[in-house]
Amino acid sequence: MTVRNRNNARNSIDRPVMVRIGEIIKQLRKSLTDVNPPTREGFIDAGSDLGLPADWITEKSLANIENGLNMPSLRTLYNLSIALQTDTTELFIKISQAFLNDDERKPLSRLSVE
């Protein structure tokens, strides 16, 4: 399950992080060469072929994650690592980098201290 709430004030803070996470997932998905057809639907089916339940993720949820609209849960990230055929730890490390500010390379904070 993923978390999405358009009216949540924290959403504006989390949005850049969610977009970066989505870009990571999308890039890894598109780099797979053995998914046929190379679509979200084909990717989901390939995940099922790798042992994930048939309903492990919906096409809409995957699209929302990739477009930075949903924050994936830990369970979803774990399942994505299986479908992306990548080490879970490596995926979590890549995802953790999304929480860093590119300019300052410091963790993003909810509080602005100046």
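In the numbering used here, the protein residues as written are 8 to 121. Ideal placement from N, C-alpha and C gives every residue a C-beta, glycine not left out.
Rounded to whole angstroms, how far is the Cβ of residue i from the Cβ of residue j, which I believe are closer than 8 Å?
| i | j | result |
| --- | --- | --- |
| G54 | N86 | 7 Å |
Could you compute how far the alpha carbon of residue i sits from the alpha carbon of residue j?
| i | j | result |
| --- | --- | --- |
| A90 | P45 | 13 Å |
| D21 | L39 | 28 Å |
| D62 | F50 | 12 Å |
| L84 | F99 | 8 Å |
| E30 | R82 | 19 Å |
| V26 | R36 | 15 Å |
| S128 | L59 | In the structure as shown, the chain starts at 8 and stops at 121, and residue 128 therefore has no counterpart that could be examined. |
| T93 | I32 | 11 Å |
| I102 | R47 | 20 Å |
| A70 | L107 | 23 Å |
| P23 | S68 | 18 Å |
| I72 | A105 | 13 Å |
Quick one: is residue i buried, meaning 16 or more other Cβ sit within 10 Å of its Cβ, or exposed?
| i | result |
| --- | --- |
| T96 | exposed |
| L57 | exposed |
| S80 | exposed |
| N77 | buried |
Using a beta-carbon distance below 8 Å, is residue i in contact with chain B?
| i | result |
| --- | --- |
| L81 | The structure shown has no chain B; it contains just one protein chain. |
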